[in-house]
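Residue numbers (numbering that gives the first Met the number 0), protein chains in the order written: chain P, 0 to 492; chain E, 0 to 688. What follows is a short report on a single structure.
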Amino acid sequence: MISLAMAKSFPLLILLILLISAFIMPLVKNNRVVKGISLGTMMMAAVLSVITMIYVVKNGSFVYRIGHWDAPWGIEFYISPMEAAIGVLFTWVAGLILWYSLYSLEKEIPSEKLPFYYLLVNVLIGALLGIVYSNDIFNCFVFVEISTLASCGIVVIKDKKENIKAALKYLILSCLGSGLFLMGIAFLYSITGNLNMTFIYKEVAAAQYVYPNVILISVVLFTIGLGVKSAMFPLHTWLPDAHSSAPSVSSALLSSLVLKGFVILLIKILFRALGFTLVKELPILDLILILGSLGMIMGSVFAILQKEIKRVIAYSSVAQVGYIFFGIGLASELGVAVALYHVFGHAVTKAMLFLTVGAMIETTGKKKIEDFKGIGKEMPITLGLFTLGALSMVGIPILPGFVSKWNLALASISAGKPILVAIILISSILNALYYFPVVIHGFFGEENLKDRVYKSKQKPVKEMLPVICLSVAVLFVGLISEPLIQLFSLGLK
Amino acid sequence: MNKIILMTILLLPMIGSIIGYVLGWKSREKYRDLFNITMTGLVFLLVTYLYKAVRHGTIEVFIPDIMVTGLYLKLDMFRYIFVWITCFVWFLTTIYSTQYLIKYKNRNRYYAFFMLTLGSTIGVFLSENILNLFTFFEIMSFTSYALVIHDEDQYAHDAGQIYIGMAIGGGLILLLGIFLLFDYTGTLNISEYPLKMAEMGGLKYLISTLLLIGFGIKASMVPLHVWMPKAHPAAPAPASAVLSGILIKTGIFGIMILSGYIMKDDQVFSMILLVGGLTNMLLGSFLAMFQRNIKRILAYSSMSHAGYILVGVGLMGILTEHKAVAIYGALYHVLNHALFKVLLFMGAGIIYMILHELSINEIKGFGRNKTLLKIIFLVGVLAVAGMPGFNGFISKTLLHEALAEAHHQYSGIGFTIAEIVFTLSSAFSLAYLLKIFVAVFIEKNEAYSGQYKSHVRAGAIIPALIISVVIIWIGVRPFTVLHMLEGAVESFGYHGHLEAHFYTMGNLKATGFTMLLGVIIYLGFVRTVLRRKDANGENLYVNPALNWFNLENHVYIPLGVYLFELISEMFHFIDQGMIRLVKATSGWMIALQHIEIRPDRFQQLKKKLEAGIGRKPLGPIEDIQLVKETAELSVKTKSYVQEVVHDIGEEIYSLSDVVQRVGRNMNTLMFSVLSFAVILAIALVVMIY
Numbered sequence: 000m001i002s003l004a005m006a007k008s009f010p011l012l013i014l015l016i017l018l019i020s021a022f023i024m025p026l027v028k029n030n031r032v033v034k035g036i037s038l039g040t041m042m043m044a045a046v047l048s049v050i051t052m053i054y055v056v057k058n059g060s061f062v063y064r065i066g067h068w069d070a071p072w073g074i075e076f077y078i079s080p081m082e083a084a085i086g087v088l089f090t091w092v093a094g095l096i097l098w099y100s101l102y103s104l105e106k107e108i109p110s111e112k113l114p115f116y117y118l119l120v121n122v123l124i125g126a127l128l129g130i131v132y133s134n135d136i137f138n139c140f141v142f143v144e145i146s147t148l149a150s151c152g153i154v155v156i157k158d159k160k161e162n163i164k165a166a167l168k169y170l171i172l173s174c175l176g177s178g179l180f181l182m183g184i185a186f187l188y189s190i191t192g193n194l195n196m197t198f199i200y201k202e203v204a205a206a207q208y209v210y211p212n213v214i215l216i217s218v219v220l221f222t223i224g225l226g227v228k229s230a231m232f233p234l235h236t237w238l239p240d241a242h243s244s245a246p247s248v249s250s251a252l253l254s255s256l257v258l259k260g261f262v263i264l265l266i267k268i269l270f271r272a273l274g275f276t277l278v279k280e281l282p283i284l285d286l287i288l289i290l291g292s293l294g295m296i297m298g299s300v301f302a303i304l305q306k307e308i309k310r311v312i313a314y315s316s317v318a319q320v321g322y323i324f325f326g327i328g329l330a331s332e333l334g335v336a337v338a339l340y341h342v343f344g345h346a347v348t349k350a351m352l353f354l355t356v357g358a359m360i361e362t363t364g365k366k367k368i369e370d371f372k373g374i375g376k377e378m379p380i381t382l383g384l385f386t387l388g389a390l391s392m393v394g395i396p397i398l399p400g401f402v403s404k405w406n407l408a409l410a411s412i413s414a415g416k417p418i419l420v421a422i423i424l425i426s427s428i429l430n431a432l433y434y435f436p437v438v439i440h441g442f443f444g445e446e447n448l449k450d451r452v453y454k455s456k457q458k459p460v461k462e463m464l465p466v467i468c469l470s471v472a473v474l475f476v477g478l479i480s481e482p483l484i485q486l487f488s489l490g491l492k
Numbered sequence: 000m001n002k003i004i005l006m007t008i009l010l011l012p013m014i015g016s017i018i019g020y021v022l023g024w025k026s027r028e029k030y031r032d033l034f035n036i037t038m039t040g041l042v043f044l045l046v047t048y049l050y051k052a053v054r055h056g057t058i059e060v061f062i063p064d065i066m067v068t069g070l071y072l073k074l075d076m077f078r079y080i081f082v083w084i085t086c087f088v089w090f091l092t093t094i095y096s097t098q099y100l101i102k103y104k105n106r107n108r109y110y111a112f113f114m115l116t117l118g119s120t121i122g123v124f125l126s127e128n129i130l131n132l133f134t135f136f137e138i139m140s141f142t143s144y145a146l147v148i149h150d151e152d153q154y155a156h157d158a159g160q161i162y163i164g165m166a167i168g169g170g171l172i173l174l175l176g177i178f179l180l181f182d183y184t185g186t187l188n189i190s191e192y193p194l195k196m197a198e199m200g201g202l203k204y205l206i207s208t209l210l211l212i213g214f215g216i217k218a219s220m221v222p223l224h225v226w227m228p229k230a231h232p233a234a235p236a237p238a239s240a241v242l243s244g245i246l247i248k249t250g251i252f253g254i255m256i257l258s259g260y261i262m263k264d265d266q267v268f269s270m271i272l273l274v275g276g277l278t279n280m281l282l283g284s285f286l287a288m289f290q291r292n293i294k295r296i297l298a299y300s301s302m303s304h305a306g307y308i309l310v311g312v313g314l315m316g317i318l319t320e321h322k323a324v325a326i327y328g329a330l331y332h333v334l335n336h337a338l339f340k341v342l343l344f345m346g347a348g349i350i351y352m353i354l355h356e357l358s359i360n361e362i363k364g365f366g367r368n369k370t371l372l373k374i375i376f377l378v379g380v381l382a383v384a385g386m387p388g389f390n391g392f393i394s395k396t397l398l399h400e401a402l403a404e405a406h407h408q409y410s411g412i413g414f415t416i417a418e419i420v421f422t423l424s425s426a427f428s429l430a431y432l433l434k435i436f437v438a439v440f441i442e443k444n445e446a447y448s449g450q451y452k453s454h455v456r457a458g459a460i461i462p463a464l465i466i467s468v469v470i471i472w473i474g475v476r477p478f479t480v481l482h483m484l485e486g487a488v489e490s491f492g493y494h495g496h497l498e499a500h501f502y503t504m505g506n507l508k509a510t511g512f513t514m515l516l517g518v519i520i521y522l523g524f525v526r527t528v529l530r531r532k533d534a535n536g537e538n539l540y541v542n543p544a545l546n547w548f549n550l551e552n553h554v555y556i557p558l559g560v561y562l563f564e565l566i567s568e569m570f571h572f573i574d575q576g577m578i579r580l581v582k583a584t585s586g587w588m589i590a591l592q593h594i595e596i597r598p599d600r601f602q603q604l605k606k607k608l609e610a611g612i613g614r615k616p617l618g619p620i621e622d623i624q625l626v627k628e629t630a631e632l633s634v635k636t637k638s639y640v641q642e643v644v645h646d647i648g649e650e651i652y653s654l655s656d657v658v659q660r661v662g663r664n665m666n667t668l669m670f671s672v673l674s675f676a677v678i679l680a681i682a683l684v685v686m687i688y
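Below, the structure written as structure tokens:
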């Protein structure tokens with residue numbers, strides 16, 4: 000089993016491939032080659048991550064020492080099933096989005112910036128995977144910074160006024176968040192003397208009685224710092240601008256992957272570095288629960304008030320991230336496992352939604368929701384895929400959105416907070432209120448469909464194939480919900 | 000081996016239906032007809048072969064996972080009688096059909112559904128699991144619907160409509176009963192019910208009522224018989240023969256199971272059955288006398304004979320200790336009725352085949368020269384009327400004895416009336432049969448003088464002949480059948496022989512009296528009251544009952560219409576309520592958004608000023624200079640006031656404006672950073688204190 004034993008080094012290999020290949024791209028003059036490199040490296044990463052996943056599922060979690068230095072001094076990668084699965088998700092979704100971008104990106108950004116864009120994407124995904132894999136908090140911080148800058152880059156790449164405005168806002172808030180995160184690390188380091196999560200976990204058990212307030216402060220700093228980056232409700236203000244003004248490929252990446260990277264980091268710090276038993280005692284989870292619930296409702300309310308379709312979907316991300324925080328805040332294993340499952344479900348669904356909406360905006364040149372009345376006749380496949388995503392968001396059985404809502408409801412009942420089920424229900428209804436009108440006005444209504452020519456604006460199926468793959472992934476994630484949730488609850492231990 | 004045969008009996012007709020359809024489809028009708036006859040013959044032979052095995056013990060087949068609950072078939076002696084008579088009659092009717100249908104359209108469809116109906120009917124009789132029974136029952140209703148509407152003319156569709164409507168309604172009621180039954184007993188197996196139902200209180204009457212309605216529709220119990228006089232004349236003769244001879248028996252079978260197993264001879268329930276049976280008997284035979292269509296007469300006669308069987312079933316429960324005679328009577332009559340009613344329908348069918356006419360006013364005198372047909376019809380008539388030497392006599396005697404036994408046990412005016420009703424309806428039977436027989440076979444008519452003799456084909460007449468032979472044979476030698484019934488009686492918990500003497504002086508005397516009464520009624524009522532001379536001086540039968548109270552038109556249809564309208568009104572109300580609620584809510588939301596936020600004084604000031612602008616200067620002023628100045632002034636003031644109004648308008652804004660402003664503010668960088676700081680501060684403060 001040479002190949003499987005080698006799988007231990009694959010996480011590092013993925014990072015190296017992505018980061019090194021990134022910097023080759025600006026040197027290449029031909030855009031086709033750049034696209035090839037980008038997609039090829041992402042596919043390699045995807046394949047390697049799958050092999051890692053298989054290895055982890057078979058042999059259990061492992062620790063990979065970089066440069067064979069032992070832990071407190073060297074940097075470690077800790078790969079449990081959770082990390083491996085998230086790695087698979089990130090590489091595959093990014094791969095599909097890149098595939099889609101091959102046909103559409105040139106219509107949104109100037110072609111001379113294309114190599115730069117693909118550089119940023121590779122760096123971004125590499126950094127996100129670094130955040131997921133790394134067991135060293137400071138190492139994570141470095142990756143957080145890299146990913147923040149890279150994601151600002153893919154927003155600003157369009158070079159328009161609104162992009163620059165949005166990116167600046169994003170940059171400033173992200174930097175504030177990074178600052179808090181760094182301060183949190185400093186506090187934690189000062190009482191535990193370690194940066195490695197495994198070691199912090201050992202030390203913090205003793206330190207919690209000596210410095211209870213320091214732990215509290217550091218937890219708050221982590222939560223708020225990472226909360227800004229992952230658009231926790233009242234701190235989400237950068238998100239709608241950034242996501243709606245960016246090219247739709249960027250929006251898909253940002254909304255489905257970048258937000259999730261920080262959520263995973265927060266989960267890792269809370270439940271791996273500090274430990275489940277300790278965090279359960281802290282009031283921080285209640286705070287997360289309240290903010291998550293608020294986000295679930297207010298995100299949808301804001302989405303209803305929007306007029307541009309991309310802003311609607313961006314606000315929907317705020318609501319969906321609210322679900323993830325809601326799951327974390329329930330302070331039960333099932334809750335966190337479902338939160339991780341929702342990371343999965345939301346990643347595939349939101350990527351699909353942004354890409355379909357991107358296709359609609361690209362072919363019609365319009366942005367407002369009311370301009371998309373009757374679009375279902377002109378672009379039946381695209382709106383059909385959008386409908387699938389919308390159904391998942393609203394929570395129709397089998398689809399991932401339903402699975403996570405159902406399990407969150409179960410988890411909140413078993414956590415002794417049945418009142419929260421009402422919040423899930425209200426949020427679902429609100430979701431329906433802004434997704435269904437798009438679908439209904441798109442497909443039905445006599446005056447909407449008048450003068451529309453069937454399939455007149457449909458993109459070629461070849462170009463929509465990645466989105467179709469995503470829709471299959473949505474169904475697949477919905478179908479394998481049980482094993483995934485089990486895997487995540489295993490990975491947390 | 001027996002189990003395989005049992006399954007074969009059930010499956011063969013269904014498979015045969017498909018193969019026959021394909022055969023006929025390829026326009027090889029001869030092969031299809033032959034194939035169908037072979038199939039039914041084979042099934043009949045297999046059933047006959049099983050007789051020995053069934054006598055020794057019941058055959059049970061259980062196949063799990065079919066229809067979720069599993070397919071549980073059982074063949075004991077009680078079920079065997081029903082299955083055997085079904086297969087026997089079906090075999091003969093199939094032979095008959097090949098002749099009858101020669102000039103019909105859609106023969107292929109007819110045969111396919113005919114065979115499917117056979118399969119499902121056998122399924123009904125074999126089922127031990129009540130849910131299986133229900134399923135076969137429903138399949139049978141639907142497949143036989145295709146037989147009823149076979150002509151596809153207006154009348155057939157009307158009849159089919161009421162047939163299928165009542166079948167579906169009855170099916171649903173039956174299913175409701177089965178649900179309740181399963182809910183309270185936890186089992187679907189019929190043989191487990193006697194034990195489980197014993198502890199149940201008043202609820203079992205509800206359940207049994209529901210089941211009785213469900214089965215009673217098929218058994219044409221009053222007042223659920225409405226479909227029957229319409230559906231039977233509509234269907235082709237072989238189909239009405241099996242509808243009347245066999246399909247009614249599925250309802251009877253269900254009621255027997257209900258009474259004997261599920262209700263375990265409950266006294267109250269049996270009393271209801273007895274009264275229902277007597278009503279059926281009397282009403283059916285009474286109304287039959289008025290009809291002019293032969294098939295409708297026969298249909299009413301079927302209804303009356305279903306009443307005889309129900310009386311037997313009811314007496315089974317009433318005569319607790321001595322119920323044997325009632326069971327024998329009921330089961331014997333099941334057999335007999337199947338035989339003679341099929342025979343009569345076949346006879347009527349032969350007439351219709353030639354003349355395409357069924358009204359006795361039109362066809363009178365038709366059979367005068369057709370000796371064979373006349374003999375066959377006569378056998379049927381005498382059997383129905385209960386003439387000694389024919390099978391009807393045996394079962395009627397048994398039933399009468401059971402009634403007399405009950406009268407003996409519980410002396411009371413009720414049973415005296417019951418006996419009178421019994422005699423009277425037997426007399427009516429003879430009267431309406433004489434009406435047909437005399438009109439068709441004895442009266443003279445110039446139009447028919449034997450010219451159609453060649454049309455009466457062997458294929459149609461031979462099955463009828465076979466049945467007549469059987470009728471006479473079991474009428475003369477009743478003990479062969481009684482011997483067969485013995486096993487069936489054991490299924491109802493009675494053991495031992497029946498000591499019965501049929502050809503005694505007393506019985507013959509009673510029969511003679513009934514016959515005499517029948518003849519008197521025929522002569523005194525049917526021939527005089529129901530027959531009028533028309534303009535040409537011909538004697539024609541009239542039907543005054545046509546304008547009488549009609550259950551279908553005067554009760555069921557208005558009731559259905561009202562019910563439908565009531566329900567639709569109800570739902571309309573709910574619907575409207577919902578829509579109003581949603582509209583009102585959204586109206587409130589919009590109103591809330593447009594609430595103007597500013598104190599009243601601005602509002603009042605604005606109104607006052609606006610009113611001021613519109614006002615014209617007061618009165619005519621003579622001085623021109625003054626007029627000019629005033630005009631200038633007023634223009635100035637007006638514009639000034641307008642400005643003020645505009646300013647005030649700016650001050651007044653609605654809730655949605657506020658929300659929009661807040662939204663815009665929230666999107667600014669300043670606000671973002673502020674909210675970030677506030678949240679951080681709050682979180683830290685909350686966490687630490």
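Positions of the beta carbon are idealized from the N, C-alpha and C atoms, including for glycine.
- Rounded to whole angstroms, valine 155 of chain P and glutamate 107 of chain P show a C-alpha spacing of 12 Å.
- The alpha-carbon separation between methionine 182 of chain P and methionine 81 of chain P amounts to approximately 27 Å.
- Judged by their CB atoms, alanine 126 of chain P and serine 146 of chain P are nearer to each other than the 8 Å cut-off.
- Our two residues, proline 233 of chain P and alanine 350 of chain P, have alpha carbons roughly 23 Å apart in a direct line.
- Using a CB distance cut-off of 8 Å, serine 219 of chain E does not count as an interface residue toward chain P.
- When CB distances to chain E are screened at a threshold of 7 Å, the residues of the segment 207-220 of chain P falling below it are Asn212, Leu215, Ile216, Val219, in chain order.
- Chain E places a beta carbon closer than 8 Å to that of threonine 236 of chain P, counting this residue as a contact.
- In the same chain as serine 207 of chain E, and ignoring 5 residues on each side of it, the C-beta atoms closer than 7 Å to its own belong to Leu257, Ile261, Met262, Phe268, in chain order.
- With respect to the 8 Å criterion, isoleucine 594 of chain E and leucine 683 of chain E are not classified as neighbours on the basis of their beta carbons.
- For the alpha helix (DSSP H) assignment, the uninterrupted runs of no fewer than 4 residues enclosed by the segment 55-116 of chain P are, from N- to C-terminal side, 80-103.
- Using a CB distance below 8 Å, no part of the segment 578-590 of chain E faces chain P.
- Just so you know, the alpha carbons of isoleucine 308 of chain E and phenylalanine 252 of chain E end up roughly 10 Å apart.
- Beta-carbon to beta-carbon, alanine 426 of chain E and glycine 328 of chain E are separated by about 19 Å, too far to satisfy the 8 Å threshold.
- Restricted to the segment 217-282 of chain E, the alpha helix (DSSP H) segments that are unbroken, complete and at least 4 residues in length are 227-233, 236-241, 247-256, listed in chain order.
- By the Cβ neighbour-count rule, isoleucine 419 of chain E is exposed, with fewer than 16 other Cβ atoms within 10 Å of its own.
- Listed in chain order, the positions of the segment 269-283 of chain P with a beta carbon within less than 8 Å of a beta carbon of chain E are Leu281, Pro282, Ile283.
- Distance from the CA atom of serine 16 of chain E to the CA atom of valine 480 of chain E, rounded to whole angstroms, is 32 Å.
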